[in-house]
Amino acid sequence: MKKSLTIISLVTAMMFSGQMNAQNLNIYQNIEFKMPQVAEASFLPNTVSITQFGGISGGNVKNTEAFKKAIEALSKKGGGKLIIPRGMWLTGPIELKSNINLHVEEGAFIIFSKDKKDYPLVDVSFEGLNTIRCQSPISARNATNIAITGKGVIDGSGDAWRAIKKSKVSESEWKEIIKSGGIVSSDGKNWYPSESYKKGFESSSSFNVPDKISKEELITVKDFLRPVMVSLVGCDKVLLDGPTFQNSPAWNLHPLMCSNVILRNLTIRNPWFSQNGDGVDLESCKNVLIHDNTFDVGDDAICIKSGKNEDGRKRGMPTENVIIKNNVVYHGHGGFVVGSEMSGGARNIHVSDCTFIGTDIGLRFKTTRGRGGIVENIYIKNIDMINIPTQTIGFNMFYEGSSPVLEDGQKKEGNTTPEKIYPVTEETPIFRNIFFKNINAVNSDEAITLFGLAEMNLKNIVIEDSQFDTKKALTIVDADGIQLKNVKLKYTEGTGATIYNSKNINLSTVKFESQNKPYIKVLGNKTGAVLLPKEVTSDKNLLSIGTDVAKNAVK
């Protein structure tokens, strides 16, 4: 008997460990920091179908109770796989429990109800702040060992939740949107899904949290409180492998304070005009793999966050130990993004072998005064970019919420008081020790912008073995310790490099290719220790130095 029990235990252990052994260990090669192997979810061989619990396909019958009963039954057995077979499955919110694998087979299409009554108001964290919003279509809280797998499609019915700007759609699309119902703003520029949404919009002075009405009144603006599509809070061993996630009400995937997270072989889709239509927002998570995915979304594609302002600093949980490899991004406000809600910090992140095609900004780092947080030890290499309409690499420490490609009513962001130095406090954000290698960008607008703060410069940013073929080239403001090594800047407009109030700048091996002169312009009385190519310093037509720059600041 004892021998039989031992054999059973060994078989069970092998089942649970099998997926870990199958994990592609090549993903951990050439990582610049000590990265633990991510513990991968695995499950008991219990398998049930949604049809065994009254599930009916066809898209006309809500299967909310069938999902709930199936998950509860599997949970009582210790977990396993819930199969969603081919067909259209209408449902309200799905809540995952520990040891459950929601397996959406090829040809299966889960579509979430457009009835807002199905989504009660719940306590959440959104855009880095503790707040109240509608329940997410898929959620899990403090669960262990969960997965969503298969080759099916999961649709969040986001079109029933989102407002739409007239400027973002064609005339024929706008007419169809108006015919669908809802409300048009008095100026005719915006469409709202309902009066409740409109009231919520008008009750919000800053982004998406209504701050002009009381907590008790939130029920009156419920439609405005759009949920993220997949909300995973405080979970361990999370696997998303295979499905298409699309049409989310707000962000698509939001792991928050999770550990051992794997996102692979996913297709993440949202309309390009979808407000807050992010791909994945990884917030205050550790030990994460994001690889072999495709993104085509309305906002940031792969975004690193860790809370906003005081809420994020009190939480004090950086996003750390992350590998991001082999992803393709089409439309999105940013391909790989850090911020702007990064008050808990971010560190030890590796990004490589990604392709960005027509993304608004390629590699985007954004924050602002008041955030606080330290972002450091970010390593980015082997990135190919084409048709980027703004910067291929962009640092902006004055972020105010504008899209990279400005929309109606938005203004270009920047330091409006460049000479004013604020005191350094816990609210001062820090970006330092960020490394780029083998970055290749063509047919794009601007190569590199590095905008730090006067009181807290960008520090130790290194770009090497890279080439940029763009309209505009390089701008460095309020930075310390910037190195471009073996970098080629081919450009057609403006000055090759503008340096303002920055120090310890080494551009000595940069190759400038342009008909425009000067190649380099140096400005600012705080500028110092600037090392430039000899071909530039030896030709007065290639170099312009401002009268306020200290003598011997440029060599």
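Position 44 of the sequence shown, counted from 1, bears residue number 44 in the UniProt record's numbering, the numbering being contiguous throughout.
Ideal Cβ placement from N, Cα and C applies to all residues, glycine included.
Here the structure is a predicted model, which is why all the values come from computation and not from measurement.
Separation of residue j from residue i, as counted between CA atoms
i, j, result
"Tyr-192", "Lys-165", "9 Å"
"Ile-430", "Lys-308", "14 Å"
"Met-385", "Gly-358", "8 Å"
"Met-342", "Glu-320", "12 Å"
"Thr-390", "Ile-219", "40 Å"
"Ile-323", "Lys-381", "12 Å"
"Leu-263", "Gly-394", "26 Å"
"residue 586", "Val-233", "Here the chain has residues from 1 to 555 only, and residue 586 is not among them."
"Arg-141", "Arg-371", "26 Å"
"Pro-404", "Ala-441", "Residue placement at Pro-404 is flagged as unreliable, the pLDDT there being 45, under the threshold of 50; a coordinate-derived value is accordingly withheld."
"Glu-513", "Tyr-491", "7 Å"
"Thr-64", "Tyr-379", "43 Å"
"Asp-445", "Ala-497", "14 Å"
"Ile-132", "Lys-199", "16 Å"
"Cys-258", "Leu-129", "17 Å"
"Lys-189", "Lys-34", "51 Å"
"Cys-303", "Asp-281", "5 Å"
"Asn-525", "Asn-501", "6 Å"
Nearest neighbour of residue i, chosen from the options [CA to CA]
i, options, result
"Pro-255", "Val-288, Asn-270, Gly-79 and Thr-244", "Val-288"
"Phe-295", "Asn-552, Arg-269, Pro-318 and Gly-362", "Arg-269"
"Lys-459", "Ile-482, Gln-135 and Glu-426", "Ile-482"
"Val-328", "Ile-71, Ile-393, Phe-436 and Gly-279", "Gly-279"
"Gly-339", "Val-510, Gly-373 and Ile-439", "Gly-373"
"Thr-47", "Leu-25, Lys-81 and Lys-437", "Lys-81"
"Ile-138", "Ile-111, Thr-131 and Ala-163", "Ile-111"
"Asn-443", "Asn-525, Leu-453, Gly-362 and Thr-509", "Gly-362"
"Val-209", "Phe-436, Val-124 and Pro-36", "Val-124"
"Ile-388", "Asp-118, Leu-542 and His-331", "His-331"
"Gly-334", "Ala-346, Arg-364, Gly-345 and Lys-325", "Arg-364"
"Glu-195", "Lys-540, Asp-300 and Ser-185", "Ser-185"
"Lys-366", "Gly-316, Ser-306 and Arg-313", "Ser-306"
"Gly-494", "Lys-471, Leu-507 and Ser-502", "Lys-471"
"Gly-316", "Val-297, Glu-283 and Asp-300", "Glu-283"
"Ser-466", "Ala-447, Trp-272 and Val-536", "Ala-447"
"Val-337", "His-291, Asn-396, Ile-461 and Lys-286", "Asn-396"
"Ser-508", "Ala-39, Glu-427 and Thr-537", "Thr-537"
"Asp-300", "Lys-325, Val-238 and Gly-277", "Gly-277"
"Ile-349", "Phe-356, Gly-298, Ile-290 and Asn-60", "Ile-290"
Residues near residue i by beta carbon distance below 6 Å, same chain, minus five either side
i, result
"Gly-242", "Thr-149, Gly-150, Lys-151 and Asn-265"
"Val-549", "Val-522 and Thr-527"
"Ser-544", "Pro-518 and Lys-521"
"Phe-245", "Ile-154, Asn-252 and Ile-268"
"Trp-161", "Arg-226 and Pro-249"
"Glu-455", "Ile-421, Tyr-422 and Val-424"
"Glu-464", "Lys-437, Lys-485 and Asn-486"
"Asn-504", "Asp-480, Gly-481 and Ala-529"
"Asn-293", "Leu-266 and Asn-327"
"Gln-23", "Glu-40"
"residue 612", "Lying outside 1 to 555, the shown extent of the chain, residue 612 is not represented and no answer is given."
Buried versus exposed, by CB contacts within 10 Å (16 or more), residue i
i, result
"Gly-409", "Confidence at Gly-409 is low in this model, with a pLDDT of 48, below 50, so its placement is unreliable and the value that follows should be read with caution. It counts as exposed."
"Ile-499", "buried"
"Gln-275", "buried"
"Thr-475", "buried"
"Ile-421", "exposed"
"Gly-181", "exposed"
"Leu-25", "exposed"
"Ser-136", "buried"
"Ser-352", "buried"
"residue 558", "Nothing about residue 558 can be read from this structure; the chain reaches only from 1 to 555."
"Asn-552", "exposed"
"Asn-457", "buried"
"Thr-449", "buried"
Chain-order list of residues whose beta-carbon lies under 8 Å from that of residue i (same chain, five-residue window excluded)
i, result
"Gly-87", "Ser-57, Gly-58, Gly-107, Ala-108 and Phe-109"
"Ile-177", "Ile-164, Val-169 and Trp-191"
"Ser-17", "With a pLDDT of only 40 at Ser-17, under the threshold of 50, the placement of this residue in the model should not be trusted; the figure read from the coordinates follows. Correct list, in chain order: Ser-42."
"Gly-344", "Ser-284, Ser-306, Gly-307, Gly-312, Arg-313, Arg-315, Gly-316, Met-317, Pro-318, Thr-319 and Gly-373"
Contacts around residue i, its chain only, beta-carbon distance under 7 Å, and the 5 residues preceding and following it disregarded
i, result
"Gln-74", "Per the sequence shown, the amino acid found at residue 74 is Leu instead of Gln. Answer for Leu-74: Asn-46, Val-48, Gly-80, Leu-82 and Ile-100, listed in chain order."
"Asp-159", "Asn-247"
"Val-510", "Leu-484, Val-487, Leu-489 and Pro-533"
"Lys-114", "Ser-157 and Ala-160"
"Glu-376", "Arg-347, Arg-432 and Asn-433"
"Gln-515", "none"
"Glu-426", "Arg-313 and Gly-372"
query = What runs of the beta strand (DSSP E), each 3 residues or longer, lie entirely inside the segment 435-522?
reply = 458-477, 479-490, 497-500, 503-506 and 511-513, all fully within the segment 435-522.
query = Taking only runs of the alpha helix (DSSP H) that begin and end inside the segment 31-84, which ones reach a length of at least 4 residues, in chain order?
reply = You should have 64-76.
inquiry  = Threshold first: 4 residues or longer. Then list the alpha helix (DSSP H) segments lying entirely within the segment 162-198, N to C.
reply    = Listed in chain order, they are 171-179.
ask   = If you scan the segment 229-306 from start to end, which runs of the beta strand (DSSP E) of 3 or more residues do you find wholly inside it?
value = Fully contained in the segment 229-306 are the following beta strand (DSSP E) runs of length 3 or more, in chain order: 230-233, 236-241, 244-246, 253-256, 259-264, 267-269, 280-283, 286-291, 294-296 and 302-305.
request  = Please go through the segment 309-338 and give each complete alpha helix (DSSP H) segment of 4 or more residues, from N-terminal end onward.
outcome  = Positions of the alpha helix (DSSP H) runs, each at least 4 residues long and wholly inside the segment 309-338, are given as 309-315 in order along the chain.
inquiry  = Extract the residue ranges of the beta strand (DSSP E) inside the segment 91-175, only unbroken runs of 3 or more that lie entirely within it.
reply    = Whole beta strand (DSSP E) segments, 3+ residues: 100-104, 108-112, 121-126, 129-134, 138-141, 144-149 and 153-155.
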